[in-house]
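In the order they appear, the protein sequences are chains Y and P. The first sequence maps to residues 375 to 658 in this note's numbering. The second sequence maps to residues 40 to 436 in this note's numbering. Beta carbons are placed, not taken as given, at the ideal position from N, Cα and C, and that holds for glycine. Scroll down for the structure; my scribbles are underneath it.
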Amino acid sequence: MQKLNELQHWFGRAVIRRELDYDTLLETIVDNEQLSAERRLGVYAEGYQLRLLECMRAEYACLDALLSRELFDRFALNYLSARPSTSYTLFDLGGEFALFLANTRPPMPEGSEQQTAMKMPEQLAQLERYRVMSIRGKGSEHSEIPTLDATILLFQPNFLFKRTDTSFVMATDFDFSPAIEAVDNDQQPDFPEQKSQHLLIYRQGYRVKLMTLEPWQALFLQSCDGHYSWQAQQHLVSEQLQLSGGDLLSQLITWLPQMVSMGVLELVEQEGTIGSQKAVFSMI
Amino acid sequence: MATHTNNSAPNHSAPNSSNSNNNSNNNSNNNNSNNSSSNKSSSNKNATDTASASHLADQLPKLGFGVGLRSCHFEWLLKNDLNPAALNPVERPVDWFEIISENFMDNHGFAHYMLDRVRERYPIVMHGVSLSIGSSDPLNWNYLTKLNALIQGIQPAWVSDHICWTGISGVNTHDLLPLPYTEESLRHVIQRVNEVQDFLQRPLVLENPSSYLQFQQSELTEPEFINALCAETGCGLLLDVNNVFVSSFNHGFDAEEYIRALPHKQIVQMHLAGPTHCGSHIIDTHDTEVPRQVWQLYQLAQQLTPECSTLLEWDANIPEFPQLVSELNKARQALTGELPGKELHYQPAQQNSGPVVSTPAHHNLQAHNLNEHHNLNEHRNLDEHYNLDEYRYAEAE
Chain Y
375 MQKLNELQHW FGRAVIRREL DYDTLLETIV DNEQLSAERR LGVYAEGYQL RLLECMRAEY
435 ACLDALLSRE LFDRFALNYL SARPSTSYTL FDLGGEFALF LANTRPPMPE GSEQQTAMKM
495 PEQLAQLERY RVMSIRGKGS EHSEIPTLDA TILLFQPNFL FKRTDTSFVM ATDFDFSPAI
555 EAVDNDQQPD FPEQKSQHLL IYRQGYRVKL MTLEPWQALF LQSCDGHYSW QAQQHLVSEQ
615 LQLSGGDLLS QLITWLPQMV SMGVLELVEQ EGTIGSQKAV FSMI
Chain P
40 MATHTNNSAP NHSAPNSSNS NNNSNNNSNN NNSNNSSSNK SSSNKNATDT ASASHLADQL
100 PKLGFGVGLR SCHFEWLLKN DLNPAALNPV ERPVDWFEII SENFMDNHGF AHYMLDRVRE
160 RYPIVMHGVS LSIGSSDPLN WNYLTKLNAL IQGIQPAWVS DHICWTGISG VNTHDLLPLP
220 YTEESLRHVI QRVNEVQDFL QRPLVLENPS SYLQFQQSEL TEPEFINALC AETGCGLLLD
280 VNNVFVSSFN HGFDAEEYIR ALPHKQIVQM HLAGPTHCGS HIIDTHDTEV PRQVWQLYQL
340 AQQLTPECST LLEWDANIPE FPQLVSELNK ARQALTGELP GKELHYQPAQ QNSGPVVSTP
400 AHHNLQAHNL NEHHNLNEHR NLDEHYNLDE YRYAEAE
């Protein structure tokens, strides 16, 4: 008689890896005329694969629609085979799909059109993953959002901002927004137009939205990790993109308050300065 | 609360940490007779501390008739039942809701907002699918810590999971896999139920699984296993009537005899659902109406456990909320002596529509989370023009 531990390892190999030892099968599982032992075990093996595949299709609905079901399933099953779930939650199941697609992309000449085209699946997978992460994050719906404006910002060059856990910035080589919108409306999407852009994925009032960004906006948001003052970030962006500091400042002081009110950025409470921040708000 | 490293036993939060440390991969080799007495001691203490020596069914509330909280019904609930303007507080469509615990762990978005709103008006029961109480892997303390945090936040009427295992060697199949009903399995599960109850400081309620195979080495029947488990740990039983029907067909046992053999005083809840007949076997799909055979078994179960809290599960092809409530109301009808529903038969034509997958609710809710947000995006009123706080029932009162 197999010990519980041995039996569960045997069962796991049969269901997850489809490694079936027929001698052990008949010694282990009751076989009868109604249903053979192999078919009984098959209910679990088929269920395992199909259940997880359904999860992948649901999370990556736009990629599924664009690639065709057959191709998507092949990618997803390879991924599930390479990285079976080790989490108690199915939310983690597709967490590394974009990385898997990037790592398994066939090599193409760097910068070639073929290489760019081959990046579509991994970029769309990353975008869809960010959308799900945004749905589940804490967000800012329950936060007291400070009323910022240009005057406050000019007086407070040391304010620190960070992206909320529902906001993500990514660079893409395609305009994915029409395809995402089509799938959201249960329509078949067209293949996305090749177009380099920066995309903001964010949540407002519990709704996840997409917004295209100017390069300076994307770089600024990417550097919003709560460690550098917004003025230091302004200098960084200005230097990296060769933009006039004055022009950038004038755009930032009107755009930054919008980002805060939309729940994209939050003001980081600094030790010793929280009082002064509140004092500034109350003065205004 | 201390956060435990995944798969390591807690140092101080779990009162029964010595048992936890014994719970390694090879514990199945040596936890029989000697450990049995210490387990029993822990078990008795546990039952005394958390459930008391008397019957659990007498201690927990009778919640009436409920349904699973699913994201595809959020919009209906917001516009109707949770909308103070449209509300008649006397006429609640259901008495309580059950949530899938895992869908609310690490989820701080709209689903959690909805749960808070529903909690203001209804009792909640937490139903898990990843405890893996029968696995020979160590207990996942990271999971249990998060489960406990959710319990503290939700304050559910009780917490349930399944008599099963879900994975091995750290891999989660996200399925409810069957156990061999042996003395070894029994001791193993008893030990782990005690550990979990000690950690959560409350009795667990465990559900009989639906199964598609039986192990040659099983020494006990499922009811014998359940009776011993309940007696030794004080845990409660969630009797899934549909699972009894499914397993009885698949394994050829008498479903009524099975129900009569259960520890009725430990049954605190019943599940109802609709399965799919595949000819040679029946699969627990939760995607259709409850068949007449299940209603018949439900009547018997309710005779043996009067007023037991009842929950309708529907996790694929989920109908609109009013239709779900209509199906739930058949349970009320069944208690008057009428026999609702249609007989479940094999219908080959329906089998060509695609593969049949048993559907733990966990998976389904995640998929619907995405769909739900699609729908809400279509309904721009909830997006730009609606103030969600209008739906705060408690505040409105």
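Cut-off 6 Å between Cβ atoms - residues of its own chain near residue i, not counting five sequence neighbours on either side
i	result
Ala553 of chain Y	Cys436, Pro563 and Pro566
Leu501 of chain Y	Phe550
Leu454 of chain Y	Leu426
Glu258 of chain P	Thr221
Other residues of its chain near residue i: CB distance less than 7 Å, five sequence neighbours each side excluded
i	result
Gln571 of chain Y	Thr546, Asp549 and Thr586
Gly103 of chain P	Asp134, Trp135 and Ser348
Ala439 of chain Y	Val557, Gln562 and Pro563
Pro480 of chain Y	Met492
Contact under 8 Å by Cβ, residue i with residue j
i	j	result
Gln578 of chain Y	Met507 of chain Y	no
Leu427 of chain Y	Asp447 of chain Y	yes
Leu595 of chain Y	Arg503 of chain Y	no
Ser598 of chain Y	Gln607 of chain Y	First, the residue type needs correcting, since residue 598 of chain Y is Cys and not Ser in the sequence shown. In contact: Cys598 of chain Y and Gln607 of chain Y (Cβ atoms closer than 8 Å).
Glu640 of chain Y	Phe535 of chain Y	yes
Leu350 of chain P	Gly107 of chain P	yes
Ser224 of chain P	Leu218 of chain P	yes
Ala294 of chain P	Leu245 of chain P	no
Leu301 of chain P	Leu268 of chain P	no
Val228 of chain P	Gly273 of chain P	no
Arg611 of chain Y	Leu593 of chain Y	Going by the sequence as given, residue 611 of chain Y is Val instead of Arg. Contact: yes.
Gly380 of chain P	Pro330 of chain P	yes
Lys369 of chain P	Trp334 of chain P	yes
Thr402 of chain Y	Gln382 of chain Y	no
Cβ of residue i within 8 Å of any chain P Cβ
i	result
Asn452 of chain Y	no
His383 of chain Y	yes
Arg510 of chain Y	yes
Pro367 of chain Y	Nothing in the structure corresponds to residue 367 of chain Y, since chain Y is present only between 375 and 658.
Arg448 of chain Y	no
Val642 of chain Y	no
Gly649 of chain Y	A caution first: Gly649 of chain Y carries a pLDDT of 41, below 50, which makes its placement in the model unreliable, though a value can still be read off. Chain P contact via Cβ: absent.
Gln376 of chain Y	yes
Ser461 of chain Y	yes
Tyr580 of chain Y	yes
Partner residues on chain Y for residue i, Cβ-Cβ distance less than 7 Å
i	result
Ile139 of chain P	Those within 7 Å of Ile139 of chain P in chain Y number zero; the least Cβ separation is about 10 Å.
Val396 of chain P	Gly421, Leu424 and Arg425
Phe264 of chain P	Residues of chain Y passing the Cβ test: none, with the nearest at roughly 13 Å.
Gly148 of chain P	Ile509, Arg510, Gly511, Gly513 and Tyr580
Chain Y contact for residue i (CB, 8 Å cutoff)
i	result
Asn408 of chain P	Model confidence at Asn408 of chain P stands at a pLDDT of 34, short of 50, so the residue's coordinates are unreliable and nothing is read from them.
Ser224 of chain P	yes
Ile190 of chain P	no
Asn68 of chain P	Because the pLDDT at Asn68 of chain P is just 35, under 50, the model does not fix this residue reliably, and the value given afterwards should be weighed accordingly. It does; some Cβ of chain Y falls within 8 Å.
Phe284 of chain P	no
Ile202 of chain P	no
Ile207 of chain P	yes
Asp145 of chain P	yes
Tyr21 of chain P	Absent from the structure is residue 21 of chain P, since the part of chain P shown begins at 40 and ends at 436.
Ser174 of chain P	yes
Ser365 of chain P	no
His112 of chain P	no
Ser169 of chain P	yes
His94 of chain P	no
Sequence-distant residues of its chain with Cβ nearer than 8 Å to residue i (five each side left out)
i	result
Lys583 of chain Y	Ile575, Tyr576 and Arg577
Val395 of chain P	Thr315, Cys317, Ile322 and Thr324
His320 of chain P	Tyr251, Phe288 and Asn289
Leu154 of chain P	Leu108, Ile138, Phe143, Ile163 and Ile193
Chain Y residues whose Cβ lies nearer than 9 Å to that of residue i
i	result
Ser322 of chain P	According to the sequence displayed, residue 322 of chain P carries Ile and not Ser. Result: Val417 and Gly421.
His384 of chain P	By Cβ distance, chain Y contributes nothing, its closest Cβ being about 16 Å from His384 of chain P, past 9 Å.
Neighbour list for residue i in chain P, Cβ cutoff strictly below 9 Å
i	result
Val404 of chain Y	Leu252, Gln253, Phe254, Gln255, Ser257 and His290
Lys536 of chain Y	Going along chain P, no residue has its Cβ under 9 Å from Lys536 of chain Y, so there is no contact; the nearest lies around 17 Å.
Residues that residue i contacts on chain P, provided the C-beta gap is smaller than 8 Å
i	result
Ile390 of chain Y	Val210 and Thr212
Amino acids of chain P, ordered along the chain, whose beta-carbon sits closer than 7 Å to that of residue i
i	result
Glu659 of chain Y	Chain Y is shown from 375 up to 658; residue 659 of chain Y falls before or after that span and cannot be answered.
Arg347 of chain Y	The structure shown does not extend to residue 347 of chain Y, since chain Y is modelled only from 375 to 658, so the question has no answer here.
Glu401 of chain Y	Gln255
Amino acids of chain Y, ordered along the chain, whose beta-carbon sits closer than 8 Å to that of residue i
i	result
Tyr152 of chain P	Glu515 and Tyr580
Leu245 of chain P	Here the premise fails: no neighbours, minimum Cβ distance about 17 Å.
(message) Quick test of the definition: if touching needs 3 or more C-beta pairs under 8 Å, does the region 167–186 of chain P touch the region 452–465 of chain Y?
(response) Judged by Cβ distances under 8 Å, the region 167–186 of chain P makes contact with the region 452–465 of chain Y, as three or more pairs qualify.
(request) Evaluate contact between the region 198–218 of chain P and the region 176–185 of chain P, counting only Cβ atoms and requiring at least three cross-stretch pairs below 8 Å. (result) They touch, by the three-pair rule.
(message) Taking contact to mean 3 or more Cβ pairs, one atom from each stretch, closer than 8 Å, check whether the region 476–483 of chain Y and the region 406–413 of chain Y are in contact.
(response) Cβ pair count under 8 Å is below three, so no.
(message) Would the region 415–426 of chain Y count as touching the region 389–403 of chain Y if we require 3 or more Cβ pairs under 8 Å?
(response) Contact between the region 415–426 of chain Y and the region 389–403 of chain Y is present, with at least three C-beta pairs closer than 8 Å.
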